[in-house]
Each structure stands twice: as C-alpha cells, then as structure tokens.
Amino acid sequence: MSVNDCEACPARSQLAQMGINIAGCDHVVALAGNPNTGKSSVFNALTGLRQHVGNWTGKTVTRAEGAFGFGGKRYKLVDLPGTYSLLSASQDEEISRDFLLFGQPDCTVVVTDATALERNLNLVLQVLEITDRAVVCVNLMDEAQRKGIEIDVRSLARDLGVPAVPTVARSKLGMAELVSTVAAVIAGDIRTSPLRVETTGDVREAIGDLVPLIEEFAPGLPNARWIALRLLDGDHKVREALVSGELAGLAQRQRGAASGSAR
Amino acid sequence: MTPSAEAILDRSDGLRRQVGDHFRDRMVSDLYDSARRVAARSVRESGSGKWELDQRIDRLVTSRWLGLPLMALLLGAVFWITILGANVPSQLLANAFFAVEAAAAGWFESLGAPWWLTGLVWHGVFRGLAWVVSVMLPPMAIFFPVFTILEDLGYLPRVAFNLDWLFRKAGAHGKQALTMAMGFGCNAAGVTATRIIDSPRERLLAILTNNFVPCNGRFPTLIMLAVIFVAASFPPAVASAAAAGAVLGVVLLGVGFTLAVSWALSRSVLSGEASAFTLELPPYRRPSVLRILYTSLIDRTVFVLGRAILTAAPAGAVIWILANVDAGGVSLASRAIELLRPLGEAIGLDGVILLAYVIAIPANEIVVPTMLMCYLGGSMMMDITTYDEIRTVLVDEHGWTLLTAVNLMLFSLLHNPCATTILTIWKETRSLRWTGVGALMPLAIAFAACLVTAQGVHLLL
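In structure tokens, the structure reads:
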C-alpha cells in the first residue's frame, strides 16, 4: 500500500456537485463516522446539498443520499447515521452496519474528529474489519490546531493501512483531495491493506478456528474475520445471513466485481 | 468439502462456550488497545487556551444550581425576541392579505362569477391561507434562526446534560432530553430521533411523551394567545416580557408533563431500570450565519409554512362550505358547533374551538386560523386585523375569558399529535396498540387537565 502524496494528487479533475440526482451512478461511497464529527458537512460539501447540520449528537438517524461527479465518473454518496461503534443493537448502529456489510459500498469514507482521534479510531478500526476499501477523513483540523493538537496524517495512514486526508469540511478545505483519494481507491490505483485489530489468547484461537471454515463456505468474502467475530459475539443478523445464503451471495458478487476489475 | 452453514454455526457456538462471557469485553479492550497504539504515534498535544475557556463555560451552563435557571432564561429570551419582533409584521401581512381578498372578491363579482365561487375561492381557500401566513410566518422567521443559533453553538447537548438526572429519576433514558429538544422543532422528527435510544422500553417512553413539547406548528398558537390575552392584561412596557413568560411557562409545563407521564408509565406498563449512556459535550463552535439563515428560513420556515398552506387551503374550503351549506335552515357549521358546545364548555373551551381542532387534525398549525375563520365568519371580517380587534371580538361577542385562553393553551400543549406524527409513531413502533396509546393518551390528558382547571375555577368563583 502507499499513500504517496503524488499518487493521491488529483488528476486536476473538478468536483461536480450533483445534489440528489443519484440516478445512473457508477460507484457507491458510504460516509461513516462518530456523531458530531462534521459528517453532514462533508456530505454537503461533496454533494452541494444542504442537509441540516447540527452541533449535537444523534442528528442523522436515517440514511441520506446524494451524488457528485469526479473525473468523468458519477458517485452516489450515502450518509450513514453517526455512531460510536458498530457493535450494539441500537437502530442507528444497525443501519450503518447493515449498509457496510450488505450494501457493499465501493469505498467507505470514515469521518473522524481530529480533536478526539483516539476515540474516533475505535470506529475506524471496526469499519476496517468489515471493508478494506476505506479512506479516513481527519476532519475539524482547524479546531485541533486551536486546541494545540498536531496530527501526523502520514503516520496515521501508514499505521491504518488506508489513506488519510486532513480536512476542514465547514470551509470545504481538503475536499478535492478527499474525492481524488476515494476515486483512486475505487480505481485500484491506491492499494489498501487495513490494520486488523490484534486479538489475544483464546479469542485469537477461536477466530483462527472459524475463519478457514467461513472462507471455504463463502470464498472471496473480504471480511471473514469480522464475520467470525460477530458469530462469536452471537450476532443474530449475521447468523441469519449465514443460514439464508445471503452471505454466500455477497461473496459471489464480490468475486464477480474482482474479476471485472482485473479484466 | 465445503462446510455447511449449520456446521459453521455449531462450531462457533462451541467456541463461544469455550471463550465464555468475557468475549465482548475482550474484543472491546483489544479494539481500544489498537486505537490507543495508533493514536499515540500520530497525535501530539500541547495545552491551549480555547479548550480551557470551553470548559469554564461548561462548568457554568451545566452547573448544578445555575444550569436549569440559565436554560429557562435563555429559552424565555428566545420567546421574548420572537414576540417582540413578530407583532407588527403579522398585522401588516394580515392587512395586506385582506385588502387583496376584498379587491379580488369585488373583481370576481364584477365579472359576474356566481356567489358560491367567489365565496369558496376568496372567502374560503384564500382567507384560510391568509390567516396561516400572517399568523405563522413572522414568528417562525424569527424563532427558527434564533433557535438554530443555540443549536449551532452546541447548546442542545448541554440541555440534555442538565436534564439527564431528571429523566433518569423518571425511569427514562437521558437521551430522551435530546429527542424532546428535537420535538420542539417537529414532533414527527422527535419521534424518528428516538432511534438513538437502544433500549426498546425507554425508546417507547420517548415516543409516547414526545408530543408534550409544543412543536413549531403549535408555537404560533401559543404565542398568539399569549400576545392577545396575557400581554393585554399588562402595561405595554412589560407586555412582551409577560407574554414570553407565559409561553415559557407553558413549555416548562410541557417538560413537566413529559417527565410525569414518563414516570407514571415506567412505574406501570413500561417498568424497568433506566440504562446508562455516555453523552458527548461537543466543543462550542462559532455559528456560521449564512448557513443558519439558509437552514432556518428555507428548510424549516418554508417547509413548515408550505405544509400549513397545503392543509389550510382545503381546511378553508371546508369551513366555508360548512358555514354556507344549510340543513334545515341552520348552517352545518352551527350544527357542529352546537353539538360540540356542551363538551367544550365542560372543559372551559367552546364548540368552535373543538371544531377547529377536529378540522386541524392533519396539521396543528392551522388551529388558530380555523378558529378565527369560524368566529369571524361572514361578518365584518375586513375590519378585524389587529390583535386588539381580535381580542375585542373574542371577548365581547364570543364570551372568551382568561380561563378560555389558559385552557386553550393547555389543550394546545397536551392534545393528540398531528396526523403526520401519529403516522410516524406507527412507522417506528409497527404496533397499532402503541400508536393508539400515542394518539389517545395525550388527548385524554388534555381533556382531564382542562376539565380540572375549568371545574376548579367554577368552584372558586
């Protein structure tokens, strides 16, 4: 993987805001993140829509969709509810988790709050368990600066194994780079190899036991390890998806997409 | 051979038993460790002034003794600004609209249009629209931007923080304070917002009680009543402040009802413990003025007004038809009003008010316009445009008292949610039973509260 600045550099394409005109999009991009990190600001900056932005937790509880164009391609942007994790059974977290797993976005942008990066990384790491095509958007850089917090975005990207882009979405700073990075990840120009949470002891053994079975059952699934974690945690939705064949179907679609892009 | 789904489930169940109950804790602590390691390498902090100022403000606005009074003061100030600013433009708008109505009706007549067409179009549909726009637009155009500034600053989570202990005492979730705050904007939005509460029991509490805070469809009603009846009983210098105080009182009463009903429900049909949660106090942010104007004027004001207009036009037509179609020599409206009168008077209101509430079920916004159309019916409509004149007509010709105004405010605060909210409750709960409770419980409480004040006053006088 590399998050070389030259590679991430936009091919001088212009961002075209397309509002709610989501018909005929080439790719789907999901927008995830903790509450109150400026997710809606990023959404508005990219789509040109004016979804209500509130300075408080839990404002977006439904999925909002919009579109933007870049480099001759159309992208559909899905704004997911802001959540701290993807582990609980509350409805906002389920909406996010289900979309990442079953909606299979081509790329997921995780918006983080630069002033509270450590806490935000908890969600980033959970997203990276589900999908490997992700870009971390380190937002609110201006607030971090005011609070005397410095973020080494390169080191962050290196450690996470996915690109990281510093932004100030309210003033639309860094949006062009964010979009070109997303495009590069989708096109395969940037290869990602996301950090997976290190497990220890018997949990690690249990995962080691399950993952080969799942991979054999549904070859090509990018997140067999996460499925194993969910099964061990007793997640009913994932159990059902396994039994109903939905999971195997996902894997099949994934394989189709992989052979398609290799062509 | 490819393993079957069942085989994988069996294996994972076996492993689950081996790993035991602490799996979730282990997984989460592994996750936190990884996050900490990554953050430690890429984040460098040095102290700074702004952060400390934030914390000092927070200590003040969320302090044990000052937090709640400060909150009430801020809310009161918002109402005061709204009332002060909305009065004159409302009357100007009303004057302009009724001049248009008179001119247009005259023009229709001169063209030889049949009387019923002129009546239905201009004295029905148009008059309904005119009342809705002139009563609602000015307060909304002031209230929403001011409220949005508070929201943008980051004040709402502090409100939740201040109210958290009260909600917990009532057996409800602290986040209910946030969904309640959403309800001030729109109860349907407030009901949808309860998705942030993960316990089904506490979520249901939040859904069923959301209606007890007045939404912005009902604020203009409250503000108008406060201006016409409360402000008029005070000298002009303090009139606006008194009206703002009355609206604030009604809102606080609504919060009181939210807590009391939550408490009663969680001690009876929805019993259980309140669950803990973490609430994040976001940094204070400088509101961006242009965006505030845009969201509050376009997204909220125009949206609410548009909905009101859509329902007001047919409501205006319905009222005109009721008032002009006779059955046995008496208009349908008079019959309906007579029918509802005993019930209305028992709870300190009258037949017209109840009829207005029935017609306004699709949207609470149009209660006052509907009421005024019924009262001011065919009569010397054109002369009545100022609040003072409205007050004189209501008091002298229709026997309104301070009790009527107070009970109408109470009824407006507590009665059943509008059709949109009821539909949203159904969508969120998927239960006919809870939707029924959500619609009828507030109505019963509204009748009971008005009955108590009305009968109490009758006993005392």
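Protein chains in written order, with my numbering: chain G, 1 to 263; chain P, 264 to 724. Glycine included, C-beta positions come from ideal geometry on N, C-alpha and C.
Straight-line gap, residue i to residue j (C-alpha atoms, nearest Å)
i: G391(P); j: A571(P); result: 10 Å
i: E660(P); j: T633(P); result: 17 Å
i: T259(P); j: R327(P); result: Summary: the structure shown does not reach residue 259(P), with chain P confined to residues 264 through 724, and so no result is reported for it.
i: T655(P); j: A495(P); result: 11 Å
i: R289(P); j: N34(G); result: 22 Å
i: L441(P); j: R274(P); result: 43 Å
i: Q14(G); j: F70(G); result: 6 Å
i: V28(G); j: L617(P); result: 51 Å
i: D321(P); j: R421(P); result: 8 Å
i: R287(P); j: G330(P); result: 37 Å
i: A504(P); j: V493(P); result: 10 Å
i: L703(P); j: V630(P); result: 19 Å
i: G446(P); j: V476(P); result: 6 Å
i: K147(G); j: A67(G); result: 34 Å
i: A8(G); j: R154(G); result: In this predicted model, A8(G) has a pLDDT of only 45, less than 50, meaning its place in the structure is not dependable enough to derive any value.
i: V532(P); j: I688(P); result: 18 Å
i: N679(P); j: G387(P); result: 26 Å
i: K425(P); j: R319(P); result: In the sequence under discussion, the amino acid at residue 425(P) is Asn, which differs from the Lys named in the question. Going by the C-alpha atoms only, they are around 16 Å apart.
i: F497(P); j: G508(P); result: 12 Å
i: L468(P); j: I600(P); result: 36 Å
i: A268(P); j: L101(G); result: 18 Å
i: S41(G); j: L77(G); result: 13 Å
i: A489(P); j: R230(G); result: 56 Å
i: D276(P); j: L232(G); result: 7 Å
i: T455(P); j: H721(P); result: 41 Å
i: I227(G); j: L278(P); result: 14 Å
i: F389(P); j: G519(P); result: 39 Å
i: A270(P); j: H436(P); result: 40 Å
i: M645(P); j: F360(P); result: With a pLDDT of 45 at M645(P), under the threshold of 50, the modelled position of that residue is not reliable, and no figure is offered here.
i: R225(G); j: L128(G); result: 11 Å
i: L471(P); j: P212(G); result: 48 Å
i: G103(G); j: R74(G); result: 17 Å
i: Q252(G); j: L294(P); result: 29 Å
i: D284(P); j: M141(G); result: 40 Å
Strand pairing of residue i, partner residues [DSSP]
i: F70(G); result: K73(G)
i: P166(G); result: V138(G)
i: V78(G); result: A30(G) and E65(G)
i: D589(P); result: S594(P)
i: T275(G); result: The shown model of chain G, from 1 to 263, leaves out residue 275(G), and the question about it has no answer.
i: P308(P); result: The question names Pro, yet the displayed sequence has Glu at residue 308(P). Answer by DSSP bridge pairing, in chain order: I149(G).
i: L173(G); result: V168(G)
i: Q17(G); result: F68(G)
i: C107(G); result: V29(G)
Any non-hydrogen atom of the ligand ATP closer than 7 Å to residue i Cβ
i: R230(G); result: In the structure on display, the ligand ATP does not appear, and there are no ligands present to speak of.
For residue j and residue i, believed in contact at Cβ under 8 Å, the rounded distance
i: E628(P); j: G480(P); result: 4 Å
i: E216(G); j: P266(P); result: 6 Å
i: I149(G); j: E315(P); result: Not really, about 14 Å apart at Cβ, beyond 8 Å.
i: G382(P); j: P545(P); result: Not a contact, Cβ separation roughly 55 Å.
i: F407(P); j: T564(P); result: 6 Å
i: L400(P); j: L568(P); result: 6 Å
i: M175(G); j: T167(G); result: 7 Å
Original post:
Are at least three pairs of beta-carbons, each pair with one atom in the region 110-122 of chain G and one in the region 196-211 of chain G, less than 8 Å apart?
Top reply: no
Original post:
Is the region 411-428 of chain P close to the region 370-381 of chain P, with three or more CB pairs under 8 Å?
Top reply: no
**OP:** Please name the residues in the region 275-292 of chain P whose beta-carbon is closer than 8 Å to at least one beta-carbon of chain G, in chain order.
**Re:** S275, L278, R279, Q281, V282, F286, R287, R289, M290 and V291
Original post:
Relative to chain G, which residues along the region 613-625 of chain P have a C-beta separation below 8 Å, given in chain order?
Top reply: none
**OP:** Say whether the region 175-193 of chain G touches the region 334-342 of chain P, bearing in mind that this needs 3 or more beta-carbon pairs closer than 8 Å, one atom from each stretch.
**Re:** no
**OP:** Taking only beta carbons into account, state which residues of the region 129-148 of chain G come closer than 8 Å to chain P, listed in chain order.
**Re:** E143, R146, K147 and G148
**OP:** Evaluate contact between the region 349-363 of chain P and the region 591-602 of chain P, counting only Cβ atoms and requiring at least three cross-stretch pairs below 8 Å.
**Re:** no
Subject >> Against chain P: residues of the region 148-176 of chain G by CB proximity under 8 Å >> reply: G148, I149, E150, I151, D152, V153, S155, L156, D159, L160 and R170
Original post:
Does the region 440-459 of chain P touch the region 90-99 of chain G, meaning 3 or more C-beta pairs lie closer than 8 Å?
Top reply: yes
**OP:** Mind checking the region 196-220 of chain G against chain P and listing, in chain order, the residues whose C-beta falls within less than 7 Å of any C-beta there?
**Re:** V197, E198, T199, T200, D202, V203, A206, D209, L210, L213, I214, E216 and F217
**OP:** Name, going along the chain, the residues of the region 227-253 of chain G whose beta-carbon falls closer than 7 Å to a beta-carbon of chain P.
**Re:** L229, L231, L232, D233, G234, R239, L242 and V243
Subject >> Validate contact between the region 422-434 of chain P and the region 513-532 of chain P using beta carbons, cut 8 Å, 3 pairs >> reply: yes
**OP:** Could you tell me whether the region 606-615 of chain P touches the region 711-724 of chain P, where touching means 3 or more Cβ pairs closer than 8 Å?
**Re:** yes
Subject >> chain G contacts made by the region 296-310 of chain P, where a contact means CB separation under 7 Å >> reply: S297, A298, R299, V301, A302, R304, S305, V306, R307, E308, S309 and G310
**OP:** Taking a Cβ distance cut-off of 8 Å, strictly less, list which residues of the region 672-699 of chain P are near chain G, in chain order.
**Re:** none
Original post:
Quick check: the region 158-168 of chain G against the region 219-232 of chain G, are there 3 or more CB pairs under 8 Å?
Top reply: no
Subject >> Given 8 Å, three or more beta-carbon pairs between the region 99-116 of chain G and the region 130-143 of chain G >> reply: yes
**OP:** Could you please tell me which residues of the region 448-472 of chain P, in chain order, have their CB closer than 8 Å to any CB of chain G?
**Re:** T455, A456, R458, I459, I460 and D461
**OP:** Could you name the residues of the region 506-525 of chain P whose beta carbon sits closer than 9 Å to any beta carbon of chain G, in the order they occur along the chain?
**Re:** none
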